[in-house]
Amino acid sequence: MISVDLFDSTHVISHDWASVRNLLVMRLDNIGDVIMTSSTMRSLKENLPDAKLTLMASPGGSLAAPLLPWVDEVMTRRVLWQDLGRLEFDPAREWQLVETLRDRQFDAAIILTSFNQSPHPAGFLCGLAEIPLRLGESKEMGGTALAHEVAAAPDDIHQVDRNLRLIESVGFEVSDRSLTIQIPEVAQRSVSDRLNQFGLADDDPFLLLNPWTSCQSRNYASDRFAISARQLAEITGWKVVVTGVEKDRANSSELLKILGEWAIDLIGATDLSELAALIAKARLMLSNNTSTMHLADATRTPSVILFSGTELESQWRSRDNPSILLRQPTFCRPCYAFTCPYHLECLDIAPEQVVAAGLELLRRC
Numbered sequence: 006m007i008s009v010d011l012f013d014s015t016h017v018i019s020h021d022w023a024s025v026r027n028l029l030v031m032r033l034d035n036i037g038d039v040i041m042t043s044s045t046m047r048s049l050k051e052n053l054p055d056a057k058l059t060l061m062a063s064p065g066g067s068l069a070a071p072l073l074p075w076v077d078e079v080m081t082r083r084v085l086w087q088d089l090g091r092l093e094f095d096p097a098r099e100w101q102l103v104e105t106l107r108d109r110q111f112d113a114a115i116i117l118t119s120f121n122q123s124p125h126p127a128g129f130l131c132g133l134a135e136i137p138l139r140l141g142e143s144k145e146m147g148g149t150a151l152a153h154e155v156a157a158a159p160d161d162i163h164q165v166d167r168n169l170r171l172i173e174s175v176g177f178e179v180s181d182r183s184l185t186i187q188i189p190e191v192a193q194r195s196v197s198d199r200l201n202q203f204g205l206a207d208d209d210p211f212l213l214l215n216p217w218t219s220c221q222s223r224n225y226a227s228d229r230f231a232i233s234a235r236q237l238a239e240i241t242g243w244k245v246v247v248t249g250v251e252k253d254r255a256n257s258s259e260l261l262k263i264l265g266e267w268a269i270d271l272i273g274a275t276d277l278s279e280l281a282a283l284i285a286k287a288r289l290m291l292s293n294n295t296s297t298m299h300l301a302d303a304t305r306t307p308s309v310i311l312f313s314g315t316e317l318e319s320q321w322r323s324r325d326n327p328s329i330l331l332r333q334p335t336f337c338r339p340c341y342a343f344t345c346p347y348h349l350e351c352l353d354i355a356p357e358q359v360v361a362a363g364l365e366l367l368r369r370c
């Protein structure tokens, strides 16, 4: 086990890592977390062009894989140490995963984690699977679960830089730190055809509204989102494309009623690649702090983000697209809660503020 000071890195790949030909990268969280690995995946492929890169991701995170052309294969797994009570206690299932990884004969595993996660359960799994090189960042220095253990970065570092910092620690060179995705052509064609059905030509401008997340604590009031989007539509003359997953439809009636004839309803009608294609085509996106924020960052789409107090902006915010984050200061920030125990005071933003932010971005762009 070695501890590495990243900031003294000379970007000389160690002999062991330079010889890797079968690489496992583990990121077992949600869609947005996997999207935020794009610069890491790209950098790994640039440094190891002959290596096979396998991404191990959760069922949700795996949906982002088609947007990451550097990934050669995806292993979809829900793992016990990041489960939220859905998996039953089943040692045989866990041992089967060990055997699956052992059979794949990986040369190395890179374990990507957030600031509050431990790499040691995944490292222990990979050790049992006889993967010789196991790289992770840890606040809990010590032990043998990791072969290369990097001291933890400050908590407030951006997640993209946290990922890149890890691979830089063993000498991989990073030429571009920005998020990038590649949208499949079939998704681009599908989106163009869908918009054409609503009377929008390929070059016609539109606003995109993605008003829901999976966490109540991150959701700006949908009626306020609708009012904001309608006012922007009336000012610009542009239609509002509304996106979301199928379960969001249960909460959509009032929003669609407020938008009226300005709405193009695509709720539950797109997969993730098609959603990315829509975001890339939009002139402006309105959304919450969720995966769409990272997609817009990767596609450089101007965005107004209603950023709740659940996280620190410095950890997750967009960096490369024109964007404005709106949030009220609150004593409880950051809470990291799925459900707000108060009244979402952090998202008490008037629609007029959202409209003003949107118009400011349109003026800039």
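Taking our numbering, the leading residue of the sequence shown gets 6, the next gets one more, and so forth.
All residues carry an ideal CB built from backbone N, CA and C; glycine is no exception.
Within 10 Å of its beta-carbon, does ALA156 have 16 or more other beta-carbons around it, so buried, or fewer, so exposed? Sequence index remark: in the sequence shown, residue 156 carries index 151 (1-based). Burial state of ALA156 is exposed, judged by a 10 Å Cβ sphere holding fewer than 16 other Cβ atoms.
Could you tell me the alpha carbon to alpha carbon distance between MET41 and VAL165, rounded to whole angstroms? Numbered from 1 along the sequence shown, position 36 holds the residue referred to as residue 41. Numbered from 1 along the sequence shown, position 160 holds the residue referred to as residue 165. For MET41 and VAL165, the distance between alpha carbons rounds to 6 Å.
May I ask which residues mark the beginning and end of the alpha helix (DSSP H) holding GLU357? In the sequence shown, residue 357 corresponds to position 352, counting from 1. 356–369 is the extent of the alpha helix (DSSP H) around GLU357.
Hey, is the segment 129–149 in contact with the segment 323–342, meaning 3+ C-beta pairs nearer than 8 Å? The segment 129–149, when compared against the segment 323–342, does not touch it at the 8 Å Cβ threshold.
Give a yes or no on whether the minimum CB-CB distance between PRO216 and chain B is below 9 Å. Here chain B cannot be found, since the structure has a single protein chain.
List in chain order: all unbroken beta strand (DSSP E) runs of 3+ residues lying wholly within the segment 22–92. Runs of the beta strand (DSSP E) inside the segment 22–92: 27–32, 57–62 and 78–81.
Stretch-stretch touch, CB-based, cutoff 8 Å, three pairs: the segment 343–356 with the segment 270–280: Proximity of the segment 343–356 to the segment 270–280 falls short of the contact definition, fewer than three beta-carbon pairs being nearer than 8 Å.
LEU300 in three-state terms, based on DSSP: Mapped onto the sequence shown, residue 300 falls at position 295. Looking at LEU300 - three-state DSSP - the assignment turns out to be helix.
Tell me the rounded alpha-carbon separation between THR15 and CYS370. The residue you call residue 15 lines up with position 10 of the sequence shown. The residue you call residue 370 lines up with position 365 of the sequence shown. Because the pLDDT of THR15 is 45, which lies under 50, any placement of that residue in the model is unreliable, and the number read from its coordinates should be weighed accordingly. One C-alpha to the other measures close to 38 Å.
Which ranges would you report for the beta strand (DSSP E) in the segment 211–240 if only whole runs of at least 3 residues count? Runs found: 211–215.
Taking the CB atoms as reference points, tell me whether PRO359 and ARG229 lie closer together than 9 Å. Position 354 of the sequence shown holds residue 359. Position 224 of the sequence shown holds residue 229. Residue 359 is actually Val in this sequence, not Pro. The answer is yes: Cβ separation under 9 Å.
C-alpha gap between ARG82 and GLY249, whole angstroms: Translated into positions along the sequence shown, residue 82 becomes position 77. Translated into positions along the sequence shown, residue 249 becomes position 244. Between ARG82 and GLY249, the alpha-carbon positions lie close to 24 Å from each other.
Segment limits, beta strand (DSSP E) that includes ILE115: By one-based count along the sequence shown, residue 115 stands at place 110. For ILE115, the enclosing beta strand (DSSP E) stretches over residues 113–116.
Nearest to LYS50 by alpha carbon, out of VAL39, ASN121, ALA113 and PRO74? As a working mapping, residue 50 is identified with position 45 in the sequence shown. Minimum Cα-Cα distance from LYS50 among the listed residues VAL39, ASN121, ALA113 and PRO74 corresponds to PRO74.
Reference GLY363; option with closest CA among GLU259, ILE232, THR344 and GLY265: Translated into positions along the sequence shown, residue 363 becomes position 358. Ranking the options by Cα distance to GLY363, first place goes to ILE232.
So what's GLY249 in DSSP terms, helix, strand or just coil? Numbered from its first residue, the sequence shown carries residue 249 at position 244. Three-state result, GLY249: strand.
Tell me the DSSP bridge mates of ASN293? In the sequence shown, counting from the first residue as 1, residue 293 sits at position 288. In the DSSP output, where bridge partners are listed per residue, ASN293 has LEU311.
According to the Cβ coordinates, are ALA303 and SER183 closer than 9 Å? The residue given as residue 303 occupies position 298 in the sequence shown. The residue given as residue 183 occupies position 178 in the sequence shown. Taking the C-beta atoms as reference points, SER183 is found nearer than 9 Å to ALA303.
Please report the straight-line C-alpha distance between SER319 and THR297, rounded to a whole angstrom. Residue mapping note: residue 319 aligns to position 314 of the sequence shown, counting from 1. Residue mapping note: residue 297 aligns to position 292 of the sequence shown, counting from 1. If you take the alpha carbons of SER319 and THR297, they lie about 17 Å apart.
With 16 other Cβ atoms within 10 Å as the buried cut-off, status of LEU171: Along the sequence shown, read from residue 1 onward, the residue named residue 171 stands at position 166. A buried status is given to LEU171, since no fewer than 16 other beta-carbon atoms sit within 10 Å of its beta-carbon.
Could you give the C-beta distance for ILE36 and LEU58, rounded to a whole number, given that I count them as a contact under 8 Å? Working through the sequence shown from its first residue, we reach residue 36 at position 31. Working through the sequence shown from its first residue, we reach residue 58 at position 53. Actually they do not touch by this definition, with Cβ atoms about 19 Å apart.
Quick check on the DSSP output: the beta strand (DSSP E) that includes LEU331 runs from which residue to which? Numbered from 1 along the sequence shown, position 326 holds the residue referred to as residue 331. Counting along the chain, the beta strand (DSSP E) containing LEU331 begins and ends at 328–331.
Are GLY66 and LEU89 close, meaning C-beta to C-beta below 9 Å? For the purposes of this step, residue 66 is taken as the residue at position 61 of the sequence shown. For the purposes of this step, residue 89 is taken as the residue at position 84 of the sequence shown. Against a cut-off of 9 Å, the Cβ pair of LEU89 and GLY66 comes out as no contact.
Between which two residues does the alpha helix (DSSP H) carrying SER197 extend? Residue 197 sits at position 192 when you count from the first residue of the sequence shown. Membership of SER197 in the alpha helix (DSSP H) is indicated by the continuous run 190–202.
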